[in-house]
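Numbering-wise (the working numbering), the sequence shown opens with residue 8 and increments by one.
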Amino acid sequence: MSKSQRLDDNLYVLGDKVYCTRCEALVGAADSWLKYALTTERPAQERGGSLMRAAPSLYVDSTIVFRQACCPGCLTALLTETTTDSDQHVRTKRITAQQ
Ligand SMILES: [Zn+2]
Numbered sequence: 008m009s010k011s012q013r014l015d016d017n018l019y020v021l022g023d024k025v026y027c028t029r030c031e032a033l034v035g036a037a038d039s040w041l042k043y044a045l046t047t048e049r050p051a052q053e054r055g056g057s058l059m060r061a062a063p064s065l066y067v068d069s070t071i072v073f074r075q076a077c078c079p080g081c082l083t084a085l086l087t088e089t090t091t092d093s094d095q096h097v098r099t100k101r102i103t104a105q106q
C-alpha cells in the first residue's frame, strides 16, 4: 500500500494522485498537480487589491491576470498568483522524483 506524502498545508500525494488535506477531494495527478482544481482568472486590477493600482499595460505588453485555483470539494485556495495570461506554468509542484 502506498504511503501518502504532504505536498504543502493543503495537499498530499498518494500514488500518482494529489488530494486535498481538508476534504480528501481529488485535486490533481502526476502530470498536473491542479488538474481537477477549479481555476478562475480575473483582470489583475480587479482582484489585485492595493498593490495593483496602476494599469499593468503602462509597464508591460502582456495581459496581466489574477489567477486562483481552488479545491473542487471545499473551495480551499490552493494557488493564487498574478501573472501573464499566457503563462500557465509559473508555479508548479513536482510530485515525482527528478531523473
Ligand atoms: Zn478540499
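Built from N, CA and C at the ideal position, the CB exists for glycine as well.
Where the beta strand (DSSP E) containing residue i begins and where it ends
{"i": "A84", "result": "A84 to T91"}
{"i": "R111", "result": "Because residue 111 is not part of the residues shown, which for the chain are 8 to 106, the question remains open."}
{"i": "G35", "result": "L33 to A36"}
{"i": "P50", "result": "L45 to P50"}
{"i": "Y66", "result": "That residue, Y66, is in no beta strand (DSSP E); it is neither H nor E in DSSP."}
{"i": "C27", "result": "K24 to C27"}
{"i": "L21", "result": "L18 to L21"}
Residue i burial status per 10 Å Cβ neighbour count (16 or more: buried)
{"i": "V67", "result": "exposed"}
{"i": "T87", "result": "exposed"}
{"i": "R74", "result": "buried"}
{"i": "A44", "result": "buried"}
{"i": "L41", "result": "buried"}
{"i": "A76", "result": "buried"}
C-beta atoms of residue i and residue j nearer than 7 Å
{"i": "S121", "j": "L18", "result": "In the structure displayed, the chain extends from 8 to 106; residue 121 sits before or after that span and is not available."}
{"i": "A62", "j": "T89", "result": "no"}
{"i": "A37", "j": "D23", "result": "yes"}
{"i": "V72", "j": "E48", "result": "yes"}
*With a cut-off of 7 Å, give the chain-ordered residues whose Cβ is closer than this to any heavy atom of ligand 1.*
That query returns the following residues: C27, R29, C30, A32, C78, G80, C81 and T83.
*Sufficient close CB pairs (3 or more, under 8 Å) joining the segment 28 to 36 to the segment 73 to 87*: Between the segment 28 to 36 and the segment 73 to 87 there are three or more C-beta pairs closer than 8 Å, enough to call the two in contact.
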